[in-house]
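**Q** Sharing a structure below in structure tokens format, with a few things to ask.
There are 2 protein chains.
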Amino acid sequence: MQEQNVEMSKATLNRLPSYLRYLYQLDKKNVPTVSSTTIANGLGLNPVQVRKDIALVASVAGKPKTGYATKDLIADLEGYLGYNNTRDAVLVGAGGLGRAILGYDGFRNYGLNIVAAFDVNEESIGKEVNGKPVYHLDNLDSVVNRFKIRLGIICVPSVAAQSVADKMVKAGIRAIWCFAPVHLNLPPDIAVKGEDLAASLALLSMQLTTSSLNE
Amino acid sequence: MQEQNVEMSKATLNRLPSYLRYLYQLDKKNVPTVSSTTIANGLGLNPVQVRKDIALVASVAGKPKTGYATKDLIADLEGYLGYNNTRDAVLVGAGGLGRAILGYDGFRNYGLNIVAAFDVNEESIGKEVNGKPVYHLDNLDSVVNRFKIRLGIICVPSVAAQSVADKMVKAGIRAIWCFAPVHLNLPPDIAVKGEDLAASLALLSMQLTTSSLNE
DNA sequence: CAAATATTGTTATATTTTTATCGATAAAAA
DNA sequence: TTTTTATCGATAAAAATATAACAATATTTG
Chain A
10 MQEQNVEMSK ATLNRLPSYL RYLYQLDKKN VPTVSSTTIA NGLGLNPVQV
60 RKDIALVASV AGKPKTGYAT KDLIADLEGY LGYNNTRDAV LVGAGGLGRA
110 ILGYDGFRNY GLNIVAAFDV NEESIGKEVN GKPVYHLDNL DSVVNRFKIR
160 LGIICVPSVA AQSVADKMVK AGIRAIWCFA PVHLNLPPDI AVKGEDLAAS
210 LALLSMQLTT SSLNE
Chain B
10 MQEQNVEMSK ATLNRLPSYL RYLYQLDKKN VPTVSSTTIA NGLGLNPVQV
60 RKDIALVASV AGKPKTGYAT KDLIADLEGY LGYNNTRDAV LVGAGGLGRA
110 ILGYDGFRNY GLNIVAAFDV NEESIGKEVN GKPVYHLDNL DSVVNRFKIR
160 LGIICVPSVA AQSVADKMVK AGIRAIWCFA PVHLNLPPDI AVKGEDLAAS
210 LALLSMQLTT SSLNE
């Protein structure tokens with residue numbers, strides 16, 4: 010639906026969700042328009058950078074002296090980030106973190122829908138978590154194929170992560186979100202996003218020592 | 010303890026944990042030395058970039074034709090990233106995600122120690138999660154002060170996040186890791202890392218459509 | 001209605017980050 | 001022992017990214 014043929018830098022792409030979060034806040038306070046300067050100040054960025062980022066996604070030009078219509082900007086960002094198109098995903102590993110993710114209904118607002126979970130632990134198999142069925146891992150291939158699912162979430166312990174990732178790829182998964190703090194060896198055409206939460210927190214913790222604040 | 014006075018870019022800092030994950034894997038296979046080319050190939054990076062990153066943290070020079078000693082490099086990275094110094098943290102919001110984080114023992118390997126959790130839900134107060142006590146939120150200030158804690162983790166619903174963040178800052182917290190997908194308005198000297206998991210997954214999902222793979 | 005002002009979008013400049021090049025060197029091979 | 005090779009570290013070039021400068025233009029103020 011939305012065009013992404015314009016050159017969109019990695020850095021810009023990572024900033025877009027933060028703009029959106031900021032705009033939601035303004036919209037809730039019924040602020041009808043917003044300037045690049047306001048956004049920049051709110052997020053600690055440069056106003057020109059904000060304008061340039063916005064120019065890449067906005068369908069309507071901003072008005073001098075006024076800025077952008079908050080609701081329009083929200084709609085454009087949501088559209089660009091694909092929050093309007095639903096995409097299905099599967100999750101493997103219905104332990105603590107897996108169940109927490111299954112239990113979070115907010116994914117729907119981002120166009121994401123976890124259709125099923127998989128595990129090898131007989132305790133959880135056959136039950137549901139937040140309305141989502143938990144199947145045995147052996148059924149992964151069948152479900153992924155049947156529903157043509159491309160997105161996989163790994164919440165298993167580190168030792169099992171590579172094996173699960175391999176199974177996912179074999180089943181047809183093309184992008185993997187991995188919470189196990191390990192390096193996955195996968196074909197280069199598979200998009201992998203490692204979410205090493207502990208390392209992420211450690212990085213934040215480092216900033217306390219260094220007192221150099223980088224986001 | 011470790012010096013960070015050399016100019017370390019944001020981008021480099023984010024790559025360091027991935028080097029470490031990759032090196033752990035090699036070390037487990039008893040690979041004694043590793044070259045920048047090997048690491049770069051494994052992680053899809055440029056070898057020169059890897060060498061430069063390593064130069065900023067390594068205490069020993071690499072040897073021509075051989076590379077770096079795996080264990081030395083691991084030690085240097087762990088040291089630089091502060092995985093050896095323990096730092097305490099508190100967590101607010103003992104719901105699904107909060108409990109999952111409390112239940113994860115791996116934080117210890119990163120020098121992180123969650124000392125207590127806080128909530129307002131009478132159900133969980135007074136109990137323990139993975140050996141960590143859950144107190145009423147009213148006790149946050151007292152605990153943070155008593156143990157001189159600087160690091161706070163927010164796992165409450167979005168509507169409560171700002172209020173919890175304010176309480177944390179008032180209590181003396183200097184760095185906040187926030188899982189609620191909202192923009193927090195806080196003094197500029199407070200380090201904030203927003204962990205918008207759904208947005209993160211949505212970004213990964215976008216790559217499926219665009220088929221341009223950026224990490 | 002004219003002047004002042006805030007803001008946009010664009011073009012130009014500066015900075016940062018990445019990648020390429022190259023001489024030096026340790027290990028391996030001839 | 002000499003030659004070849006893989007690799008490092010440093011410097012140089014290129015690419016990407018961020019910031020500054022500025023003309024154009026709505027809105028507000030006098």
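First to last, the protein sequences are chains A and B.
Reading the first sequence from the start, the letters are residues 10 to 224 in our numbering.
Reading the second sequence from the start, the letters are residues 10 to 224 in our numbering.
By construction, the Cβ of each residue, glycine as well, lies at the ideal position given by its N, Cα and C atoms.
Bridge partners of residue 144 (chain A), per DSSP?
**A** In the DSSP output, where bridge partners are listed per residue, residue 144 (chain A) has A:127.
**Q** Counting only beta-carbon atoms, is residue 47 (chain B) nearer than 9 Å to chain A?
**A** No, because no Cβ of chain A sits closer than 9 Å to the Cβ of residue 47 (chain B).
**Q** Could you spell out where the beta strand (DSSP E) holding residue 160 (chain A) opens and where it closes?
**A** Residues 160-163.
**Q** Leaving out five residues before and five after residue 224 (chain B) in sequence, what residues of the same chain have Cβ atoms less than 6 Å from its Cβ?
**A** In this prediction, residue 224 (chain B) scores a pLDDT of 36, lower than 50, which makes its location untrustworthy; no coordinate-derived value is stated.
**Q** Around the C-beta of residue 16 (chain A), are 16 or more other C-beta atoms found within 10 angstroms, so that it is buried, or is it exposed?
**A** Exposed is the call here.
**Q** Kindly indicate which residue of B:45, B:94, B:93 and B:54 has the alpha-carbon position closest to the one of residue 71 (chain B).
**A** With distances taken between Cα atoms, residue 71 (chain B) lies closest to B:45.
**Q** Distance, Cα to Cα, residue 41 (chain A) vs residue 63 (chain A)?
**A** The alpha-carbon atoms of residue 41 (chain A) and residue 63 (chain A) are separated by roughly 17 Å.
**Q** Which residue's Cα is closest to the Cα of residue 53 (chain B): A:154, A:195 and A:99?
**A** For residue 53 (chain B), the nearest C-alpha among the options comes from A:195.
**Q** Out of B:199, B:27 and B:18, which one is the CA nearest neighbour of residue 205 (chain A)?
**A** Considering only alpha carbons, the answer is B:27.
**Q** Between the C-alpha atoms of residue 108 (chain A) and residue 171 (chain A), what's the straight-line distance to the nearest angstrom?
**A** Approximately 20 Å, taken between the alpha carbons.
**Q** So which residues of chain B does residue 177 (chain A) contact, with C-beta pairs closer than 9 Å?
**A** Going along chain B, no residue has its Cβ under 9 Å from residue 177 (chain A), so there is no contact; the nearest lies around 13 Å.
**Q** I need the straight-line Cα distance from residue 12 (chain B) to residue 111 (chain A), nearest angstrom please.
**A** Bear in mind that a pLDDT of 41 at residue 12 (chain B), under 50, signals an unreliable position, so the number given afterwards is only what the model happens to contain. Rounded to whole angstroms, residue 12 (chain B) to residue 111 (chain A) spans 41 Å at the Cα level.
**Q** Using a Cβ-Cβ cut-off of 9 Å, state whether residue 43 (chain A) counts as contacting chain B.
**A** Chain B contact via Cβ: absent.
**Q** Is residue 168 (chain A) buried or exposed, if buried means 16 or more other CB atoms sit within 10 Å of its CB?
**A** With fewer than 16 Cβ atoms within 10 Å of its Cβ, residue 168 (chain A) is classed as exposed.
**Q** Is the region 110-126 of chain A touching the region 200-218 of chain B, taking contact as three or more C-beta pairs under 8 Å?
**A** The region 110-126 of chain A is in contact with the region 200-218 of chain B.
**Q** Residues in the same chain with beta-carbon distance under 7 Å from residue 56 (chain B), minus the five sequence neighbours each way, listed in chain order, please.
**A** Excluding sequence neighbours, residue 56 (chain B) sits near 45, 46 and 49.
**Q** Are the Cβ atoms of residue 193 (chain A) and residue 203 (chain A) separated by less than 9 Å?
**A** Contact flag set, yes.
**Q** How would you call residue 105 (chain A), buried or exposed, if buried means at least 16 neighbouring beta carbons within 10 angstroms?
**A** Buried.
**Q** Among A:131, A:30 and A:190, whose alpha-carbon lies nearest the alpha-carbon of residue 86 (chain A)?
**A** Nearest of A:131, A:30 and A:190 to residue 86 (chain A), Cα basis: A:30.
**Q** What is the residue span of the beta strand (DSSP E) that residue 101 (chain B) lies within?
**A** Looking at the DSSP string, the run of the beta strand (DSSP E) that includes residue 101 (chain B) is 96-101.
**Q** Residue 189 (chain B) and residue 216 (chain A): beta carbons closer than 9 Å?
**A** In this structure, residue 216 (chain A) does not lie closer than 9 Å to residue 189 (chain B) by Cβ.
**Q** Could you check whether the Cβ of residue 110 (chain A) sits closer than 9 Å to any Cβ belonging to chain B?
**A** Yes, its Cβ sits closer than 9 Å to a Cβ of chain B.
**Q** Which same chain residues, not among the five before or five after residue 69 (chain B), have their C-beta less than 6 Å away from its C-beta?
**A** Answer for residue 69 (chain B): 81, listed in chain order.
**Q** Using a Cβ-Cβ distance under 9 Å, would residue 127 (chain B) count as near chain A?
**A** Answer no: the Cβ-Cβ gap between residue 127 (chain B) and chain A never drops below 9 Å.
**Q** Go ahead and label residue 116 (chain B) buried or exposed: buried means 16 or more other beta carbons lie within 10 angstroms of its beta carbon, across all protein chains shown.
**A** Buried, by the Cβ-count rule.
**Q** Does chain A have any CB closer than 9 Å to the CB of residue 3 (chain B)?
**A** Nothing about residue 3 (chain B) can be reported from this structure: the residues present for chain B run from 10 to 224 only.
**Q** Could you tell me whether any Cβ in chain B is nearer than 9 Å to the Cβ of residue 202 (chain A)?
**A** So, interface residue.
**Q** Residue 190 (chain B) versus chain A: which residues are under 8 Å apart at the beta carbon?
**A** Ordered by position in chain A, the residues that pass the 8 Å Cβ test against residue 190 (chain B) are 30 and 115.
**Q** If the cut-off is 9 Å on Cβ atoms, which residues from the region 46-78 of chain B count as contacting chain A, listed in chain order?
**A** Within the region 46-78 of chain B, the residues whose Cβ lies closer than 9 Å to some Cβ of chain A are 51, 52 and 53, listed in chain order.
**Q** Output, in sequence order along the chain, the residues in the region 94-107 of chain A whose CB is closer than 9 Å to any CB in chain B.
**A** Answer in chain order: 94, 96, 98, 104, 105, 106 and 107.
**Q** If we ignore side chains and look at the alpha-carbon of each, how far apart do residue 158 (chain A) and residue 96 (chain A) end up?
**A** For residue 158 (chain A) and residue 96 (chain A), the distance between alpha carbons rounds to 8 Å.
**Q** If you measure from the beta carbon of residue 205 (chain B) to each beta carbon in chain A, is any gap under 9 Å?
**A** It does; some Cβ of chain A falls within 9 Å.
**Q** Along chain B, which residues have their Cβ under 9 Å away from the Cβ of residue 155 (chain A)?
**A** Chain B residues near residue 155 (chain A): none, gap ~18 Å exceeds 9 Å.
**Q** Residue 137 (chain B) CB to nearest chain A CB: under 9 Å?
**A** Not closer than 9 Å to any Cβ of chain A, the Cβ of residue 137 (chain B) fails to qualify, so no.
**Q** Using a Cβ-Cβ distance cut-off of 9 Å, determine whether residue 27 (chain A) contacts chain B.
**A** Closer than 9 Å to some Cβ of chain B, the Cβ of residue 27 (chain A) qualifies, so yes.
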